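The structure under discussion appears below in the form of structure tokens.
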Amino acid sequence: MAFVAEGYPEKKLGASEVDEIRRLVRRHILELPEDGLAPIFTGAWERDGAVIFNCTNQQSMDWLKSLSIEIKIGSTALHVLPAEGGLGAREWVVVRRSESRDAKSAHFASLIGDRSLEALKTCGFKPFCGLGRATIRLLDGERKEEMTVGASGSA
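Each residue of the sequence shown is one higher than the one before, counting from 1 in the UniProt record's numbering.
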């Protein structure tokens, strides 16, 4: 999920605002009671004027959402964008896949629906996938036509 400025994507957070958000989140974590459960993030970074947090569980997401109401950055109102809403990877049909020898990366080709395509467009074709990040590349027009022609003759 991400913190963004009101008016995003036209209005983006600046470097000082990003640093301030990170500092405030850190401070709120340190202020939690010792016997309470702290939120868990696998990463936090800035991209395209948004501060993105990779939450490991729903509790961490809920905590961050509640914190967004408390955090104020000067005159900038903050909003929360949920992670990849509408991205239905369970509906994808994987047609080809491979892994690197060191198992640090995997590649696959998949047929996706319109809803997933729209969700991928909203995140710049770089969705968050559990502990990692994926980069999606659309086939160019020629390859799309080849795939369609090749697929039409098969059952």
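We put the beta carbon where it would ideally sit given N, CA and C, even for glycine. Please read all numbers here as calculations on a predicted model, not as lab measurements.
Asked                                                                                          : Found
Arg27 versus Ile71 - alpha carbon distance                                                     : 11 Å
Selection from Arg137, Val93, Ile29 and Tyr8 that minimises the alpha carbon distance to Leu67 : Ile29
CB of Leu120 within 8 Å of CB of Ala2, strictly                                                : no
For Ala44: DSSP bridge partner residues                                                        : Phe53
Residues bridged to Val25 (per DSSP)                                                           : Val25 is not bridged to any residue.
Cα-Cα separation between Lys11 and Arg101, rounded to whole angstroms                          : 42 Å
When Val4, Arg47 and Ile136 are compared against Lys65, the one with the closest alpha-carbon  : Val4
Host alpha helix (DSSP H) of Ser66 (start-end)                                                 : Gln58 to Glu70
Trp45 versus Asn54 - alpha carbon distance                                                     : 9 Å
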